[in-house]
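Numbering-wise (my numbering), the sequence shown opens with residue 1 and increments by one.
For glycine and all other residues, C-beta sits at the position ideal for the given N, C-alpha and C.
As the structure is a computational prediction, the values presented were derived from the model and not from experiment.
Structure first, then comments.
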Amino acid sequence: DRSSLSRHMRDLVQVEVPVLGEAATHLFAGSNSGGKKIRATMVLLTARAFRKGRGRSLRQRKLAEIIEIIHTASLFHDDVIDGADVRRGCLSVSAKFGDKIAVLAGDFLLARACVALAKLENLAVVELISVVIEHLVRGEIVQMRPESHSSDTHTLLEAYLHKSFYKTGSLMANACRAAALLEDETQANCDAAFAYGRHVGLAFQLVDDALDFEASDLELGKPALADLQMGLVTASTCAPTIFAARTSPALETILKRKFERAGDVDTAIEIVSRSEGVQQTRDLALVQAELAVDALSKLPDSDAQRALTALAHKVATRRK
1 DRSSLSRHMR
11 DLVQVEVPVL
21 GEAATHLFAG
31 SNSGGKKIRA
41 TMVLLTARAF
51 RKGRGRSLRQ
61 RKLAEIIEII
71 HTASLFHDDV
81 IDGADVRRGC
91 LSVSAKFGDK
101 IAVLAGDFLL
111 ARACVALAKL
121 ENLAVVELIS
131 VVIEHLVRGE
141 IVQMRPESHS
151 SDTHTLLEAY
161 LHKSFYKTGS
171 LMANACRAAA
181 LLEDETQANC
191 DAAFAYGRHV
201 GLAFQLVDDA
211 LDFEASDLEL
221 GKPALADLQM
231 GLVTASTCAP
241 TIFAARTSPA
251 LETILKRKFE
261 RAGDVDTAIE
271 IVSRSEGVQQ
281 TRDLALVQAE
291 LAVDALSKLP
301 DSDAQRALTA
311 LAHKVATRRK
């Protein structure tokens, strides 16, 4: 259960330095603990799908906590990079404690996650999750400095999915693979778990981008269109703009010059809102969800497998 998970996570990151401890637990303490915990849920359901009736595993619960802590650390760092003041409907760590404490708190969470990871005593899992941390950094770099300078929208979409795997998909994919590895599953089943997590992760990011144009600040728990407003969106970092640019030379021009002119942001929002870009983004999210479900076909039928299927569809159709 999510409240139990948050409690265990708080216990895992206790520290003697008061301000660091308060900052580190900010997003899973009290009224802020209502995060979706999708990644942890995926770990626990994947483990249960492979467990064939065996009881709960303490190692799997620990893995779920580790994954959520790594995700939380990435949010701390993201909010510093993006200059974001709000997260999950409350002040971001950087807004409440300052950028320096936010960076240190994120680093501290990653360090605690690594210690807990080592205690799982599974070298393959340690290697997998270590790669995830590298991917999170790569994803941020690619978002700030895209590798593709092509104006071809098909190339841009490939670059977008590549970036989205690093930023979102890798943690989910490797978390599911790690859960399968802890159950001593076959390579084929580990690959199936990875594929499921990868496609759910891509669906999640696609819907996130769509929601930026659809939802209010209150519904999102953070400012809508924040990346666009701050000029952080480039041609390959936001799916609705990529799809909209296919039919709008004006938007393509704005993206190429990186919103440098006054009024570019408002014009871009208007063009995307009038286009099919948001709906096409949601359509692609549904495709990714179906690919995730297809990957589950290799698993034995069970309540956990059906729950994973439902989770994939929920991610692809969510409205907040």
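Look at the Cβ atom of residue 38, then the Cβ atom of residue 129, and state whether they are nearer than 9 Å.
Between residue 38 and residue 129, the C-beta spacing is not below 9 Å.
In terms of alpha-carbon separation, which member of 14, 19, 47 lies closest to residue 300?
47
Would you identify the three-state DSSP class for residue 30, choosing helix, strand or coil?
Model confidence at residue 30 stands at a pLDDT of 46, short of 50, so the residue's coordinates are unreliable; what they give is reported in the following sentence. If DSSP states are grouped into helix, strand and coil, residue 30 belongs with the helices.
Using three-state DSSP, classify residue 251 as helix, strand or coil.
helix
In whole angstroms, what is the alpha-carbon distance linking residue 93 and residue 200?
27 Å
Neighbourhood of residue 77 by C-beta, 6 Å cutoff - its chain only, sequence neighbours within 5 removed
106
Under 6 Å Cβ to Cβ from residue 8, same chain only, skipping five residues before and after it: list those, please.
65
Taking Cβ to Cβ, would you say residue 204 is nearer than 9 Å to residue 315?
Result yes, Cβ atoms of residue 204 and residue 315 sit closer than 9 Å.
C-beta atoms of residue 174 and residue 139 nearer than 9 Å:
no
How long is the line joining the alpha carbons of residue 31 and residue 87, rounded to whole angstroms?
Summary for residue 31: the model assigns pLDDT 44, below 50, so the residue's position carries little reliability, and this model does not support an answer.
Alpha carbons only, please: which of 320, 288, 214, 268 is nearest the one belonging to residue 279?
214
So, do the stretch 259 to 277 and the stretch 237 to 251 have three or more beta carbon pairs nearer to each other than 8 Å?
yes
Out of 302, 63, 293, point me to the one whose CA is closest to residue 313's CA.
293
Just to confirm the assignment, what range does the alpha helix (DSSP H) spanning residue 204 have?
187 to 214 is the span of the alpha helix (DSSP H), which, as asked, contains residue 204.
Among the residues of its own chain, which have a CB less than 6 Å from the CB of residue 289, if the five just before and after it don't count?
203, 312, 313, 316
For residue 142, the three-state DSSP class (helix, strand or coil):
helix
Do residue 15 and residue 101 have their beta-carbon atoms positioned less than 9 Å apart in this structure?
The answer is no: Cβ separation not under 9 Å.
Is the stretch 249 to 258 touching the stretch 169 to 184 in the sense that three or more CB pairs, one from each, lie closer than 8 Å?
Because the criterion of three Cβ pairs below 8 Å is not met, the stretch 169 to 184 and the stretch 249 to 258 do not touch.
Between 210, 255, 304, which has its C-alpha nearest residue 276's C-alpha?
Selected option, being the one with the closest Cα: 210.
Chain-order list of residues whose beta-carbon lies under 6 Å from that of residue 246 (same chain, five-residue window excluded)
153
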